[in-house]
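Below: the structure, in structure tokens.
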Amino acid sequence: MLRRWLLSFGLISILIVIQSTWLDHIAIYSVVPDLSLLAIVYISFKSPGLQGQSVGFATGLLQDGISAAPFGLNAFIKTSIGWLANLLSGKFYIDKILMPALFGFVATLAKAIYLAILATIFSGKILSYDLFGRVLWIEVAYNAVVAPVLFLLLNSLDRFLIPLEKR
Amino acid sequence: MAQRYRSATRRTMGSALLMAVSLITLVVSTRSLAGFPERIGLSVLSFLQRGFDGAGQFVSDTVNSIAELRRLEESHRELLKRVENLGNLERSYADLKRENDRLKEQLGFLSSAKYASVSAKIIARDPENLYSTFVLNKGALHGIVKNQAVVAYQNGIEGLVGRVVEVGRTSCVVAPIYDTSAFVAVKLERSRYDGLAVGAGTSEAPIIIRYIKKRAKDEIQFGDLVVTSGMQSLYPPGISIGRVTKLKDLDYLTSLELEMEPIIDFGRMEYVFIIRNETTELEGQE
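So the sequence lines, in the order shown, correspond to chains A and B. Position one of the first sequence corresponds to residue 1 (our numbering), numbered consecutively onward. Position one of the second sequence corresponds to residue 168 (our numbering), numbered consecutively onward.
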């Protein structure tokens, strides 16, 4: 249990680092896919209990350290999206392309909605997406395209991340 | 059935607890009570970022080395020509400098020393698409403190990049001038009118300059150079920021609004210089 948690934490931390370094080379209008968010959705959907949410919380705090976002913002976003994904756990069959793409699409929109709500509450302190701006829609599309590939890669790591009965 | 219900309740309660903790952290941090945990996170992840940046650089350098060699040969030939021209220019420059020093002395000006700076490499960008900060490979260990100005050189021109907003042990976070949180006191170099530059959030969007007096309208030309005014203690005066691309004279505003294109192309920026300024160092230490 602890081993799985630590491996998930390590993997998502590496994805955050890749997101902030290498992915800059494939950015579209300075927008990069949110790999860590997609990985949290995958782990939360496939794992029972709090594994996805708690890893999301811990890696979110870590991400806040290197981001200009207020401390706690990514922790909240990743925990709550992990919780949403966990609610759907076992209710869908994940195929190779369509469902991962849909998960990437919906998770990014959910993130945008959470940010909009938080930006209203903490006015001026938190940035939110412009509904008609290109950043949101490029990120939504990018995450939807990247999710099937990432889910496929994570699927091959299931034995390290997901409990046996849920694989 | 009851067990499944209990398990679902437990998961929801656990998630709610984690969300509550992160919300409390958010409340505290938005009131600027945080700082220490962020520095820890920055120090830990920047260590990894440095490694990933190095590995990425190695791969890209290896792949590009052949094309680079050809390019170097060409630039070597060009540089030889330039050295020849510069030799000639240097002689006339020395004469002009001597003349300038003489004139300055006559006018009673002190020869002002240029600021000291520390070079740094960009090792990572903000992982969040909404934020535009980037991480440099220099930190408190190299004498970097919060609010120091950052400049870069492109095509032989020095341009303002932004300011240090967070400092870790061996890395720091810089908010660029196009960030929505960046406000820079500026001056139009030719007409000497003051204004305030505000970022639009992305490097592609122009920077807006506000509070320029309406009477300056006839004196402003497209392409006018905009420099730091030095009115704000954060940025030393006279650093180039950008060139005027658009002028808006809106009836309902009491001042002009200008759009400016930054002098620095942020997309191809790799190395920068952090200006070590005594005033900001004192402020940063406080």
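Glycine residues also receive a C-beta, built at the ideal position from the N, C-alpha and C atoms. In this text, all values refer to a predicted model and were calculated from it rather than measured experimentally.
In the displayed model, residue 329 of chain B falls within a strand according to three-state DSSP. With the criterion set as a beta carbon lying under 7 Å from some beta carbon of chain A, the region 416 to 444 of chain B has no members that meet it. Take residue 93 of chain A, set aside five residues on each side of it, and the residues of its chain with a beta-carbon closer than 8 Å to its own are 99, in chain order. Check the Cα spacing between residue 54 of chain A and each of B:180, B:207, B:228: the tightest is with B:180. Look at residue 406 of chain B here: in three-state DSSP terms it is coil, with no helix or strand label.
At a Cβ-Cβ threshold of 7 Å, residue 73 of chain A and residue 297 of chain B do not count as neighbours. Boundaries of the beta strand (DSSP E) harbouring residue 354 of chain B: 350 to 355, taken from the DSSP string.
The beta carbons of residue 250 of chain B and residue 303 of chain B sit no closer together than 7 Å. For residue 377 of chain B, the three-state secondary structure derived from DSSP is strand. Closest option to residue 283 of chain B, judged by alpha-carbon separation, among B:356, B:213, B:299, B:318: B:318.
Burial is judged here by how many other beta carbons sit within 10 angstroms of a residue's own beta carbon; residue 170 of chain B has fewer than 16 and is exposed. Membership of residue 442 of chain B in the beta strand (DSSP E) is indicated by the continuous run 438 to 443. Below 8 Å, enough C-beta pairs join the region 406 to 414 of chain B and the region 386 to 397 of chain B to call them touching: three or more. In the structure shown, residue 149 of chain A adopts helical secondary structure according to DSSP, grouped into three states. DSSP places residue 361 of chain B in no alpha helix (DSSP H) but in the uninterrupted beta strand (DSSP E) bounded by 361 to 365.
By the C-beta criterion, the region 42 to 49 of chain A is judged to be in contact with the region 150 to 164 of chain A, since at least 3 inter-stretch pairs fall below 8 Å. Below the 9 Å Cβ cutoff, chain A contributes 67, 68, 69, 127 as neighbours of residue 298 of chain B, in chain order. Shortest Cα-Cα distance from residue 36 of chain A to any of A:130, A:12, A:104, A:24 involves A:12. Counting the other CB atoms within 10 Å of its CB gives residue 391 of chain B a total of 16 or more, which places it among the buried residues. No Cβ-Cβ contact shorter than 7 Å links residue 336 of chain B with residue 310 of chain B.
At a C-beta separation below 7 Å, residue 75 of chain A has these neighbours in chain B: 189, 192. When Cβ-Cβ separations below 7 Å define contact, residue 41 of chain A makes no contact with chain B. Secondary-structure assignment with DSSP links residue 423 of chain B through a beta bridge to B:379. Secondary structure at residue 292 of chain B: strand, using DSSP grouped into helix, strand and coil. For the pair residue 379 of chain B and residue 362 of chain B, the CB atoms are nearer than the 7 Å cut-off.
Taking a beta-carbon distance threshold of 7 Å, residue 249 of chain B does not count as an interface residue toward chain A.
For residue 321 of chain B, there is no enclosing alpha helix (DSSP H); the residue is part of the beta strand (DSSP E) that begins and ends at 316 to 321. Here residue 428 of chain B carries a strand assignment [DSSP, helix/strand/coil]. Note on residue 41 of chain A: 16 or more other CB atoms within 10 angstroms of its CB, so buried under the neighbour-count rule.
Judged by their CB atoms, residue 373 of chain B and residue 412 of chain B are nearer to each other than the 7 Å cut-off. For residue 75 of chain A and residue 359 of chain B, the gap between their C-alpha atoms comes out near 47 Å. Residue 226 of chain B counts as exposed, since fewer than 16 other beta carbons sit within 10 angstroms of its beta carbon. Bridge pairing for residue 413 of chain B: B:426 [DSSP].
Judged by DSSP in its simplified three-state form, residue 100 of chain A adopts helix.
Judged by pairs of C-beta atoms under 8 Å, the region 204 to 219 of chain B touches the region 14 to 23 of chain A, as three or more such pairs exist. The beta carbon of residue 83 of chain A falls within 7 Å of a beta carbon belonging to chain B, placing the residue at that interface.
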